[in-house]
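Under my numbering, the first residue of the sequence shown carries the number 380, and numbering increases by one thereafter.
Note that the Cβ used here is the ideal one computed from N, Cα and C, for glycine as well.
Remember, predicted model here, so these are calculated numbers, not experimental data.
Report on one structure; see the data block that follows.
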Amino acid sequence: MKKTLLLSFAFIANFTMLKAQTIPNAGFENWTNMGAYSNPNGWDQLNSLTNLASIFTCEQGTPGNVGTYYLKLTSKTAGTFGVVPGVAVSGLIDVATQQPKSGFAFNAQPQALTGKWQHMIFGSSQGYIDVQLTKWNSTSNSRTIVANGHVDLTGMAMSWANFSIPLAYLETFAPDSCIISMRASGNAPTNNDYLWIDELAFTGSVTAINKLNNNSNISLFPNPSSSTLMIDLSILKNTAAQIKIFDLQGQEIYALNKLTLSANTSIDISSLAAGNYILNIISSEGLISKKFIKN
C-alpha cells in the first residue's frame, strides 16, 4: 500500500547550504548512549516515547553487513501505547503523528537510494522506505517536492540483500533538503515486525536534467492518454536508454531497460490506473522527466 507523507519543514525553510550533504551516519556506525539505550546519530526515532515502557523500537544491531553496527527497527508492544512501529527518520520526527518534520541539507540530484536490508512482518501491514527531495519556495512560503522515491516492503529478506529505490523527478531544479523515512510496519503494526538497514548511499546523477527537459524537441502525446503514449525523442535517436514510469509518491510502476529510442517511441500505458504519473528517460545524455495523465 502506498503512503503519502505530509511533511512540515517550516522551521528549516530559510537555511543556506554551501554544498550538498551526504546521508547522515549512512553506515549507522555512530550512536549516542542515552543510558538505558542508544540512538543513531542523525536519525530520529520513537525511543523517547517507548522508553516510558522500557521498550525500544530503534536499536543498535551488530555486526553490520559492513562495519560494526547496523540499524535495527522493530515494531513492539509498549504497554498502553499498543504496538509502536519501528521508525527512523533522517532528521526530526513528530512523536505524536509518527511522521517526519524535517530532513538534512542536500542539493544533489541522484538517480537512486541504495543500501542493504533484511525485513520480515508477522501480520499483513508491510513497512516501507520513502525518500523526498524538496526545495523551499519563498513565494508560496512552502516546500516544493523536487523528487521522490518509495518502496513498500514485500515478502521477506532473511539475509542481507541489496535494494535500490529510483527517484522520480517532478521538477528540473536542484533540491535543498532531503528526508529519508524508514518503517518496519505500515499503518497496522504487528509485534516483532522488523526492518534492518545498513550502508545507505545515493547513486548516479541526473545533473543533465535541465539541459534535456528544456529542449523543445521533447514531447509526450497525446497527453492525457488512455492507451498509448508517443514520445518524440528526436534528440536521442538511436540512443540506448531506460524508461521508467512512477506515480506521484515515487513508486516505480513500469520499467523498460536497454531500449533503443527513436523519434515517436511508443509506450503502452493501457494497464495503468487512471491518474497522474511521471515518465523518466535515462540515457548517456542525462535524464528527461515529464508528467502525463492516464485517463
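Excluding five sequence neighbours on each side, which residues of the same chain lie with their C-beta closer than 6 Å to the C-beta of residue i?
i: residue 451; result: 438, 440 and 575
i: residue 672; result: 603 and 655
i: residue 354; result: The shown model of the chain, from 380 to 674, leaves out residue 354, and the question about it has no answer.
i: residue 402; result: 579
Considering only C-alpha positions, which residue in the set the options is nearest to residue i?
i: residue 536; options: 510, 500 and 568; result: 500
i: residue 496; options: 423, 431, 490 and 507; result: 507
i: residue 481; options: 542, 652 and 555; result: 555
i: residue 577; options: 414, 543, 435 and 523; result: 543
i: residue 454; options: 580, 610 and 570; result: 570
i: residue 461; options: 659, 431, 660 and 512; result: 431
i: residue 477; options: 484, 464, 610 and 485; result: 464
Name the two residues that bound the continuous beta strand (DSSP E) containing residue i.
i: residue 338; result: No answer is possible for residue 338: the residues shown for the chain start at 380 and end at 674.
i: residue 499; result: 491-499
i: residue 573; result: 573-582
i: residue 542; result: 536-545
i: residue 569; result: Premise fails: residue 569 is in no beta strand (DSSP E) and is neither H nor E.
i: residue 512; result: 505-516
I'd like to confirm the pairing. Which residues does DSSP put opposite residue i in its beta bridges?
i: residue 610; result: 599 and 644
i: residue 440; result: 449
i: residue 419; result: 410
i: residue 552; result: For residue 552, which the question treats as bridged, DSSP gives no partner whatsoever.
i: residue 673; result: 604 and 654
i: residue 468; result: 423 and 560
i: residue 520; result: Answer is none; residue 520 lacks a bridge partner.
Which of the three DSSP states, helix, strand or coil, is assigned to residue i?
i: residue 427; result: helix
i: residue 634; result: strand
i: residue 458; result: helix
i: residue 487; result: coil
i: residue 620; result: strand
i: residue 475; result: coil
i: residue 526; result: strand
Can you list, in chain order, the residues of its chain with a C-beta nearer than 8 Å to that of residue i? Leave out the 5 residues immediately preceding and following it.
i: residue 491; result: 528, 543, 544, 545, 546, 581, 582 and 583
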